[in-house]
Amino acid sequence: MSRFHYLKQELIYRLGRSAVTLVSISLVVFMAVTLTAISRASSDALRLPLENVGADIVVQLSGDIPKKLEGLVFPHPTAQLPANTVEKIRKLPGVIRSTGAVFLWDLSPNKFQSLLGVDSKGTSGIPGLNSQLISGNPLDPDILPVEALVDGDFAAKNKLNVGDKIELQGQNYRISGTVDTPKSGNIMRADIYLPLAEAQLLASKSPWIIDLYPFTQSDVNLLFLEVDQRNLVSVTSAVEKMLGEKAIVSSEISIQEELEDLMFISDQMSVIFTAVIALLALALLARSTATAIGERRKDLAVLQAVGWTRPLIISQLSLETTILSGVGGLLGLLLAWLGITLIGDVELAMELSWEISPSPHFLPETDFDRTRMLVAPIQMPLLTSALAWILAVLTAVSSAVLAGFKMVRPHPWRWLAEE
Amino acid sequence: MSNAVQVTNLSKQFNTVSVLRDLSFTIPAGKMSAIVGRSGSGKSTLLSLLSGLDSPSSGTVSIDGVELSGLSESELAKVRRERIGIVFQGFHLIPSLDALANVLLPVAFEDKTMQAEQLDLAKRLLDEVELGHRLNHRPAQLSGGEQQRVAIARSLIQRPQVLLADEPTGNLDESTGKTVLSLLRKISREYGTTLVVVTHDAQIAQQAEKRLQLSNGEISDETN
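Chains as they are written, first to last, in this note's numbering: chain V, 1334 to 1752; chain R, 250 to 473.
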């Protein structure tokens, strides 16, 4: 008979006790992994609005409402970004890439359409847009006469096809193709996309824009910044400082601040909830392990009586607990994986803040719903899974070692004398 | 004749209660000795000190020439493993293990070569205690007498110099008790083991070559 035979027989013989330990450990791991996964998916969902505009920071400037909401206007309250400030922002430490854009609303009593003039470079520019082509040809900024891309949903709603003409401020543009921008994750959503220069030309000729701003063909009203994540806070602060009180700087930070309540629920609450559950489960685990060893007090004394040393007995207990907790941990991971697979996604309904919504929500006559369903897949958090497993095993084994030291005394006679 | 056990000025106190007082005696090797006394006389406490499962308040115990009081915990465990066999009144078998595994428990951590030899010896010992047909039965599947016979086989697996038996028939009926005792005597004789039986039963004590009468923690009579 080997120690492993004894170990196996103990685990089988005391099936109920083994099952309690297994369930305790499974619970610890399952709770920690599942709650962390849901929490992370919730956070991911809340970051989607920014990820969908393909930038770390979106810079705008608050402006005035045009005297008349007709034709091409800046989305309220967006203003022209001063060219010299744009240049300074581009040179800020931590800014990897910047893409200028012109975002316009084309308003008339019977219709609304949004227009985005995009730069020829960058993931937030024409290459990012063209990568989501559904039909037709990609947008070529050098082709004349200038062509446009339209959003797939917008095209379907307005029965527009590739080759049709679309009219903007009296100018007709041939539709070269349709794109699926909601799926792109690289570019801000609009109905119509034009090369930046053409959008700048249109804006510079719009009476309701030039009535408010000295907009020229080299200006923009939207700036997308890709930033080294380590500099996100410093760049955000610097841009806000440059543009003053009217700065509208959207970033992960601003969205978190704006959605503080929602984020609190998804992040902090889940962390606290996970921690409380995990602590309770760990306490249960430690107690069940210690109780299980306590029940074997007399057996342990017998082992001493037949010549087993204390270290040997404690190593035997540790080995038993390691195997039980290891298997229990794996069971917990399996349950967590099943749970995560079954739940699938986190869905959050969120009203988009105006600066990241393409719709003129302030207009009473528009019926655009800014509420957006944010859907993020729940994924198995590998690092957390590994840590939860290790923590559960360590807790169980350390409880076993402590209980072993407590129960296996140098002079075990009194346990043997008890009948 | 050499002594298997030598006790010198041995005392044991529990808080202020003196259970054993200044005992000095020897137990001859290869013979059966009995420590006799009424309940509460201190005989089981004496056995706990002889086996090294408890420590004395003062005095010394030597088993086969090895003084226990100077040994570390692991050295003491080695002495128990190699030189002392213990049979308890309550059998104290491990309930999860079958008879064969219980007998092999003291050598569970030996290397494989040794284990193979000890497996043969364990089977032989179980045969000798007439349990060759119950090797794979757990304690719950055995009668009290059978459990005590497994415990005897376990106590002999390392061929100890000294076999200590604490009321070995105390939990058995008279007939089974007699069988167990004669087995203990027979096997210890065969293996040349010194048998020390703690008992309150005068009939058992009569069978011993040496008797120590304990009263109130002191040796009141010593008969060779």
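By construction, the Cβ of each residue, glycine as well, lies at the ideal position given by its N, Cα and C atoms. All figures in this text were calculated on a predicted structure; none of them were measured in a lab.
Can you pull the chain V residues whose beta carbon is under 9 Å from the beta carbon of residue 269 of chain R, in chain order? Chain V residues near residue 269 of chain R: none, gap ~13 Å exceeds 9 Å.
Starting from the C-beta of residue 358 of chain R, find all residues in its chain whose C-beta is less than 6 Å away, skip the five residues before and the five after it, and write them out in chain order. none
Below 7 Å CB to CB, which residues in the same chain sit around residue 1362 of chain V once its five sequence neighbours on both sides are set aside? 1662, 1665, 1666, 1669, 1721, 1722, 1725
Out of V:1635, V:1676, V:1645, which has the shortest C-alpha to C-alpha gap to residue 302 of chain R? V:1635
In the DSSP assignment, what are the bridge partners of residue 1557 of chain V? V:1391, V:1432
Going along chain R, which residues have a C-beta under 9 Å from residue 1635 of chain V? 337, 341, 342, 343, 354
Alpha carbon to alpha carbon, how far is residue 1740 of chain V from residue 442 of chain R? 32 Å
For residue 338 of chain R, count neighbouring Cβ atoms within 10 angstroms of its own Cβ and tell me buried if that reaches 16, exposed if not. buried
Where does residue 1486 of chain V sit, in a helix, a strand or coil, going by DSSP? helix
To the nearest angstrom, how far is it from the Cα of residue 1707 of chain V to the Cα of residue 1541 of chain V? 35 Å
Taking residue 286 of chain R as part of the alpha helix (DSSP H), name the residues at either end of that continuous run. First-last for residue 286 of chain R: 281-286, but that is the beta strand (DSSP E), not the alpha helix (DSSP H).
Tell me which residue opens and which closes the alpha helix (DSSP H) that residue 364 of chain R is part of. 361-377
Contiguous beta strand (DSSP E) assignments of at least 3 residues, all confined to the region 395-431 of chain R: 411-415
Starting from residue 1399 of chain V, follow the beta strand (DSSP E) in both directions and report where the run begins and ends. Premise fails: residue 1399 of chain V is in no beta strand (DSSP E) and is neither H nor E.
Enclosing alpha helix (DSSP H) for residue 294 of chain R [first to last residue]: 292-299
So is residue 292 of chain R in contact with chain V if we call contact Cβ pairs under 8 Å? no
Whose CA, out of R:293, R:432, R:425, lies closest to the CA of residue 464 of chain R? R:293
Between residue 1639 of chain V and chain R, is there a C-beta pair that is closer than 8 Å? yes
Under 7 Å between beta-carbons, which chain V residues line up against residue 323 of chain R? List them in chain order, please. 1642
If we ignore side chains and look at the alpha-carbon of each, how far apart do residue 511 of chain R and residue 469 of chain R end up? Chain R is shown from 250 up to 473; residue 511 of chain R falls before or after that span and cannot be answered.
Helix, strand or coil: how does DSSP classify residue 333 of chain R here? strand
Any non-hydrogen atom of the ligand ADP closer than 7 Å to residue 320 of chain R Cβ: No copy of the ligand ADP occurs in the structure displayed, which carries no ligand at all.
Under 8 Å between C-beta atoms of residue 1581 of chain V and residue 1513 of chain V: no
If you count every other CB in all the chains shown that lies within 10 Å of the CB of residue 341 of chain R, and 16 or more means buried, which is it? buried
Report yes or no: is there a C-beta of chain R within less than 8 Å of the C-beta of residue 1740 of chain V? no
Which value, in whole angstroms, describes the spacing of the CA atoms of residue 1400 of chain V and residue 1532 of chain V? 21 Å
Helix, strand or coil at residue 1549 of chain V according to DSSP, with G and I counted as helix: coil
List, in order along the chain, the chain R residues whose C-beta lies closer than 9 Å to that of residue 1749 of chain V? 297, 302, 335, 337, 339, 341, 415
What is the DSSP secondary structure of residue 437 of chain R, counted as helix, strand or coil? helix
Find the nearest neighbour of residue 1560 of chain V within the set V:1736, V:1569, V:1608, judged by alpha-carbon distance. V:1569
Contacting positions in the region 1644-1655 of chain V - beta carbon closer than 7 Å to chain R: 1645
Is any beta-carbon of chain V found at less than 8 Å from that of residue 326 of chain R? yes
Residue 345 of chain R and residue 1342 of chain V look like a contact to me (Cβ under 8 Å); what is the Cβ gap, rounded to whole Å? 4 Å
Determine the contact status of residue 1529 of chain V and residue 1396 of chain V, defining contact as a CB-CB distance below 8 Å. no
For the alpha helix (DSSP H) holding residue 1505 of chain V, just list the boundary residues, first then last. Residue 1505 of chain V -> not in any alpha helix (DSSP H); beta strand (DSSP E) instead, spanning 1504-1512.
Would the region 321-340 of chain R count as touching the region 385-401 of chain R if we require 3 or more Cβ pairs under 8 Å? yes
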